[in-house]
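Protein chains: 4
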Amino acid sequence: MSKSGIQKVVLAYSGGLDTSAIVPWLVDELGCEVVAFVADVGQGEHELDGIEEKARASGASGCYVYDLREEFVTDYIYPTVQAGSVYEGRYLLGTSMARPLIAMKQVELAREVGADAVAHGCTGKGNDQVRFEATFAALAPDLKVIAPWRTWGMRSREDLLAYLAERGIETTASKEKIYSRDANLWHISHEGGLIESTTNPPPADAWTLTADPSAAPDVGMEVALSFDRGTPTAINGERVGPLELIERLNAIGSVHGVGRVDLVENRTVGMKSRGLYETPGGTILMEAYASLEELVYDRDAMRLRQDLGLKFGDLVYTGKWFTQTREAIQAGVASLAARVTGEVTVKLFKGHATAITRSSPNSLYSEDFATFGEDEVYHQGDAEGFIRLFTLPERIAALSKQHASGGKA
Amino acid sequence: MSKSGIQKVVLAYSGGLDTSAIVPWLVDELGCEVVAFVADVGQGEHELDGIEEKARASGASGCYVYDLREEFVTDYIYPTVQAGSVYEGRYLLGTSMARPLIAMKQVELAREVGADAVAHGCTGKGNDQVRFEATFAALAPDLKVIAPWRTWGMRSREDLLAYLAERGIETTASKEKIYSRDANLWHISHEGGLIESTTNPPPADAWTLTADPSAAPDVGMEVALSFDRGTPTAINGERVGPLELIERLNAIGSVHGVGRVDLVENRTVGMKSRGLYETPGGTILMEAYASLEELVYDRDAMRLRQDLGLKFGDLVYTGKWFTQTREAIQAGVASLAARVTGEVTVKLFKGHATAITRSSPNSLYSEDFATFGEDEVYHQGDAEGFIRLFTLPERIAALSKQHASGGKA
Amino acid sequence: MSKSGIQKVVLAYSGGLDTSAIVPWLVDELGCEVVAFVADVGQGEHELDGIEEKARASGASGCYVYDLREEFVTDYIYPTVQAGSVYEGRYLLGTSMARPLIAMKQVELAREVGADAVAHGCTGKGNDQVRFEATFAALAPDLKVIAPWRTWGMRSREDLLAYLAERGIETTASKEKIYSRDANLWHISHEGGLIESTTNPPPADAWTLTADPSAAPDVGMEVALSFDRGTPTAINGERVGPLELIERLNAIGSVHGVGRVDLVENRTVGMKSRGLYETPGGTILMEAYASLEELVYDRDAMRLRQDLGLKFGDLVYTGKWFTQTREAIQAGVASLAARVTGEVTVKLFKGHATAITRSSPNSLYSEDFATFGEDEVYHQGDAEGFIRLFTLPERIAALSKQHASGGKA
Amino acid sequence: MSKSGIQKVVLAYSGGLDTSAIVPWLVDELGCEVVAFVADVGQGEHELDGIEEKARASGASGCYVYDLREEFVTDYIYPTVQAGSVYEGRYLLGTSMARPLIAMKQVELAREVGADAVAHGCTGKGNDQVRFEATFAALAPDLKVIAPWRTWGMRSREDLLAYLAERGIETTASKEKIYSRDANLWHISHEGGLIESTTNPPPADAWTLTADPSAAPDVGMEVALSFDRGTPTAINGERVGPLELIERLNAIGSVHGVGRVDLVENRTVGMKSRGLYETPGGTILMEAYASLEELVYDRDAMRLRQDLGLKFGDLVYTGKWFTQTREAIQAGVASLAARVTGEVTVKLFKGHATAITRSSPNSLYSEDFATFGEDEVYHQGDAEGFIRLFTLPERIAALSKQHASGGKA
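Protein chains in written order, with the numbering used here: chain B, 11 to 419; chain S, 11 to 419; chain U, 11 to 419; chain Z, 11 to 419.
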């Protein structure tokens, strides 16, 4: 029996300074075995190089690396694109979408290795702790949750480096790290440093993924995207799988400086924070998708999608992925998305992606429209009757008032 | 008594070909006096030059030009900016906002001159007929409404030109007019011609107001906007009135190619149409306003504003300005807007306007925030309790399932 | 070729005075063949007795009676119950739900018999014309729609009786008919007569289905309903099919005077009307369903259901059944409903149905709850952290204000 | 300096067992002065008898009783009635509305007496702790908050009685108390005991305020309520102030067994609880108000009110009264409510209140309606045009599909 009562913990491990210190801390403080869990959600190969050795060197009994990239795209990104969810009007939810997937797989591994606890390296002021623990609550309420940043005494990179040095654990981490970042296939986020003052413009050195729009090519580029019942299927007519699709869009989007966002947002834990985000491929994809929706949704459907998109975005942001409500909204969105088939051309230029052509077999603005005779679909005379009844409540109200006052209003 | 029973009609007159033909048609067909009403909502001085003479030459008994520009900004544009309303995610409602104001003043004039009817030159397939007539229904249900395009036999510019030629009424209108446009202080819209095929990119010759982003200056420009309780008050620290504010933002926005939009939208009358819009100053203003909202609204308030903004936008688009519902939403929005005080810097570059700094005395991300001691506002330890209760429903559901199945899920 | 160009019309035929007159009118005026279509949606056997003969006697070339009762329950009533939709807070949508089903089957028959038109007997001021024609638009936009009440000159029962008498067609219809009614398996509605003044209490003679609550048994009655994933399956433990379920609930509900409603509602066509409704079984069923939802939905899910229910109800009321939006909302609702399994006891007494017990294997208020140790699920100490972060925006706002004013607020 | 650092605390004091024990506990544990604050929100005169002496006997240095009844009605109840807010479809928010008022006044007293802390006697599993502390956070973030039930070791009535006995403080509290209750002018709530099993019907002995419906008079009673711009002004034509209005409605409602509710609800802290509520006068008032709304709101306004009512109810329930969002929604609701003028008759009978007549000068179903000539307001022929455009999206979609498939759908 360990001193904490915990025998084995699975830690969501990134290989960064924080989780590198958490491994020995868990071993020391809890007296338990630590299994490192690495989720590959497209954070980059350099992040994964030698990560198993690093984990073991820190004291982990084992290290499991799961390639979750394709699942991330098909089961998390695509539903969110279909919902059109953009948190508080700007944030494309890159980190938010990845966390429930990572935590869900972490639970799976915990079951496989017979762990009795799970741990993460998120701080106590952020959103990610909520997203991890909301997933744990929904999928493994019996597992203990350990969040060292909320309980240990360390408060800074210096503290962590000192802690590792004491134990003779090597690290390549530097003392100074200006920005706090999270990267995956969909995006990279930046917080901290000069970003923290809202009166500072985004610092040029914060951006890492996309070209500065002013340095992007002077000639724009067009890219055609094809969709089949809500799912993107081809780039410029060439069929590509989900992973390749996002990667290729990222590549061209980055060149043109597409997808930079600067936002002061409301965190789940009640405070505001300012973040910079780069989502090059995602920005292209969402622009294309939204433009195709314009062709195939009638007004009521568009309103429903807007409304569901807001709600879905809030659920994703706040970590409420494994919930009744997220499932239900996704079912509604999927029903709408079944009509989103067609092709869109997006122009990339100096930081922006703009749809310039759209076509769909389900278009309500069909190319065949002109061939509908006037008598078949729309008579201008219908408008009079339509308007009279559409505005009838206002007319009745006004007439009532006139009658009441004995004449004109 | 006239042959139609109508004695005097006030026509919303623009001086264009359509209303130039409607004046004599009303005189001929209805046998009534026609009073021309011209609303100056900032469509441009050249549109108003000699318009009174033109109206009389067409057969109008009089022509009244009302300068509605400032009222347009303060009573229609500002509330819509405060609501953050953007129809179907893209259209900044330029034409939609102007119509109820124009129609309301047209009713006022009709009362003053003792008219028994009002007329407009909108076609039977569009939104504007609804907006005019919804206002007439709400404010003057006793007045007859005449919409010649829905009833006369003419179908083309050629028909109108022939009609005028027959009557010896001169016109400078050309036989060919590719695009149908509507301009005011806030925007200009373009429809028709090559725009009508959604597989055509926006034609370069359609745009009239803004520079092509690729031809815009290679060096961007920053502009600072100040707001006081929801109302913009200054540009770069210099106090300006509402009219000048919009005009100056239009001027600089146009230079940088800001505010172009290409949209397939759902019209009120049930069909889709494609429109191009240029709203240079408006785009800057809404970006600035939204960025200030980020500082001062908490999450619930942001959600409410998003929700009210969608509803408000639909009401404005569909002509439902003079309604119980628009008034109520505006009251709610005004309550929120009372907090929107502060300053925002917006960067204009190659077609886009992006907020880069924000400050507000009402900021919930206050510059003083750092000075709140950890113990005063936020304890990291609070997060554990927060998360446990925030996710309690998921935990209970999972535990119930585990208990039911006699063990782990 | 007929004089109207129409060869064969399928008429939604009820056997009442209106459609009895419409048959010969269609023959006379359009010179076409008329096929009568009778939808049995549970309006009562007496309504169907001899209806085929009656149709032929009126001049129909054929009469088809379709039993749609079970489909009505499973495909229209159950989804609406699951959505919890009650129009404007009171109306249980009895007529609204039946119309799209009837019109859809009418279209099927029109295809089978090769008709080129469809007709209905709805008046031009009501909702039902919209519901029929919305279905025709969605499923058979090529068929002509004939709505005699909007076009013929007749205005009263006397006119119709005279019209039939002229043609020697017998009818048992009386000259006087105080109330206009619509009945089906789910409800009966009443309009007209004294009901039309909102200052009259509901006239006692209007009600036809339910006992007057004051005359209902002095001893109430309990009924247990079982549900399986959103579908009612048993009464008092006895499994019953959908048709029998509604019929039995109607029987017991009527005895206890359950389900009377008196409402001034907003019609689709823009005017208000007052209606009385009796929905005895439906009221019991919806009370039971809602009570079970209380056990199984968490707060977010409850909010989503409330929101979707409002929207779904509006779509059903306005005839927008065969639309993208109704399908999508139903998909979302079905996802939620999958959890609604369990049993509810409802007490019927003097006009009302009230759930008194509830149980569910999916309950979030599980009977096992007490057995969750305090440490397993809920620590009272968690509440402090929860509340501190839940209210953090208010605290920050207040502290900012205090700091700004140099002290306490 | 006290041992806790706290000098003076204002306690929300009820005179019940819990707060009677909290007074000496605060004195003992914190070593501070305790000021008792009693809010009279209509909980009943017997609850207030001798309360000042009792507070002092428990060790309070002073006791302040504030009569908040009228403010409760005008500033909390009436806005909630106007919003039509009913939490989760059933709960009329009696306790929820009172808490922010009580806590706000408690803060006022704390400022007056120079206290540095506030305390309440709510348990750690309930909603009320959130409501109190949310108010403290918004109005007095600098004051310490003390919630003994979350921190002390006592867990039962026995513990409290023993604690008081040790200190020689007399109490009339009994060892056994089956139900936990909260009463005010608007309602009384009941929890605990047999109520806690959802398979138990509401126990007869739980109800304290209203007659059992089965024992209520066999002859119903009618009551007429008058409203002026959203505010109730008279009963049966007699003008009454807000306090008297609620009291008189309570009296007659109780006799007829009106306003009993049995609900399993989602608490703010994430768990479900079952509660019984009695709101006799409130039920009558809300029925009357809703019935008047039916006359004066058009469809859009009704939808907005329904939507705002849901949101407002959630804010009230969760203690979010002193927030940006509650203020904004209330402003929107107030705009709507300005039209709610008129008279409603409600019939009370055997447990229920049902509006039977309605009239309003702002009615959109005006008694003058019949006098509007057909030509003035509604032409049946308008319906055709209306329906064709109302259903145009469905028609276009269907035609597109037919064209695509080369013929009929």
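Built from N, CA and C at the ideal position, the CB exists for glycine as well.
Values in this document were obtained by computation on a predicted structure and should not be read as measured data.
Backbone CA spacing between residue i and residue j [nearest angstrom]
i	j	result
glutamine 390 of chain S	valine 155 of chain Z	18 angstroms
tyrosine 388 of chain Z	tryptophan 35 of chain S	27 angstroms
valine 354 of chain S	glutamate 275 of chain B	16 angstroms
alanine 393 of chain S	glycine 134 of chain B	6 angstroms
alanine 407 of chain S	threonine 335 of chain B	13 angstroms
arginine 109 of chain Z	valine 306 of chain U	28 angstroms
valine 37 of chain S	glutamate 63 of chain S	17 angstroms
lysine 185 of chain U	alanine 70 of chain U	23 angstroms
arginine 368 of chain B	arginine 141 of chain B	37 angstroms
glycine 267 of chain Z	threonine 401 of chain Z	47 angstroms
glutamate 248 of chain Z	glycine 104 of chain Z	26 angstroms
alanine 127 of chain S	proline 403 of chain B	20 angstroms
alanine 148 of chain U	methionine 107 of chain U	16 angstroms
leucine 58 of chain B	aspartate 192 of chain B	14 angstroms
valine 117 of chain B	proline 242 of chain B	30 angstroms
Selection from the options that minimises the alpha carbon distance to residue i
i	options	result
alanine 226 of chain U	Z:Lys360, Z:Gly163, Z:Leu170 and Z:Thr218	Z:Lys360
glycine 2 of chain U	U:Thr209, U:Cys73 and U:Asp38	With chain U covering only 11 through 419, there is no way to say anything about residue 2 of chain U.
serine 199 of chain Z	Z:Ala214, Z:His362, Z:Ile262 and Z:Asp272	Z:Asp272
serine 283 of chain Z	Z:Leu219, Z:Thr208 and Z:Pro158	Z:Thr208
glutamate 98 of chain U	Z:Gln412, Z:Arg349, Z:Arg313 and Z:Gly329	Z:Arg313
leucine 219 of chain U	U:Leu402, U:Ser30, U:Leu171 and U:Leu195	U:Leu195
threonine 293 of chain B	B:Leu102, B:Ala31, B:Tyr86 and B:Gln316	B:Leu102
leucine 171 of chain Z	Z:Lys187, Z:Arg160, Z:Tyr23 and Z:Thr161	Z:Lys187
glycine 329 of chain B	B:Ala344, B:Leu111 and B:Ile397	B:Leu111
Neighbour-count burial assignment, residue i, 16 or more Cβ in a 10 Å radius
i	result
glycine 60 of chain S	exposed
aspartate 50 of chain S	buried
glycine 15 of chain S	exposed
proline 89 of chain U	buried
aspartate 324 of chain U	buried
Proximity test, Cβ basis, 7 angstroms: residue i and chain A
i	result
valine 128 of chain B	The question asks about chain A, but that chain is absent: this structure's protein chains are B, S, U and Z.
Heavy atom of the ligand SAH within 6 angstroms of residue i beta-carbon
i	result
leucine 27 of chain U	The ligand SAH is not among the ligands present in this structure, which contains no ligands whatsoever.
Can you list the alpha helix (DSSP H) stretches of 4 or more residues lying completely in the segment 48-88 of chain U, in chain order? Listed in chain order, the complete alpha helix (DSSP H) runs (minimum 4 residues) inside the segment 48-88 of chain U are 55-58 and 61-68.
If you scan the segment 334-367 of chain B from start to end, which runs of the alpha helix (DSSP H) of 4 or more residues do you find wholly inside it? Counting whole runs of 4 or more residues, the segment 334-367 of chain B contains the alpha helix (DSSP H) stretches 334-347.
Those runs of the alpha helix (DSSP H) which lie wholly inside the segment 90-130 of chain U and span at least 4 residues: The qualifying runs are 104-122.
Closer than 9 angstroms between beta carbons: that is the criterion. Which residues of the segment 396-418 of chain B meet it against chain Z? Within the segment 396-418 of chain B, the residues whose Cβ lies closer than 9 angstroms to some Cβ of chain Z are Phe396, Ile397, Arg398, Leu399, Phe400, Leu402, Pro403, Glu404, Arg405, Ile406, Ala407, Leu409, Ser410, Lys411, His413 and Ala414, listed in chain order.
Just by C-beta distance, which residues in the segment 314-339 of chain B are closer than 9 angstroms to chain U? Using a CB distance below 9 angstroms, the part of the segment 314-339 of chain B facing chain U consists of Leu314, Arg315, Asp317, Leu318, Lys321, Leu325, Lys330, Thr333, Gln334, Thr335, Arg336, Glu337, Ala338 and Ile339, ordered along the chain.
Cβ-based contacts, 9 angstroms cut-off: residues of the segment 356-371 of chain S near chain U: When C-beta distances to chain U are compared with 9 angstroms, the residues of the segment 356-371 of chain S below that value are Pro371, in chain order.
Scan the segment 293-307 of chain B for residues whose Cβ lies nearer than 7 angstroms to a Cβ of chain S and list them as they occur along the chain. Flagged, chain order: Ala300, Glu304 and Leu305.
Can you pull out the residues from the segment 189-220 of chain Z whose beta carbon lies closer than 9 angstroms to at least one beta carbon of chain U? Within the segment 189-220 of chain Z, the residues whose Cβ lies closer than 9 angstroms to some Cβ of chain U are Glu206, Ser207, Thr208, Thr209, Asn210, Pro211 and Pro212, listed in chain order.
Please give me, in chain order, every unbroken run of the alpha helix (DSSP H) with length at least 4 that falls completely inside the segment 187-274 of chain U. Assignment of alpha helix (DSSP H) within the segment 187-274 of chain U, counting only whole runs of 4 or more residues, yields 252-265 in chain order.
Residues of the segment 254-284 of chain B with a CB closer than 7 angstroms to any CB of chain U: list them in chain order, please. For the segment 254-284 of chain B, residues whose beta-carbon sits nearer than 7 angstroms to a beta-carbon of chain U comprise Val279, Gly280 and Met281.
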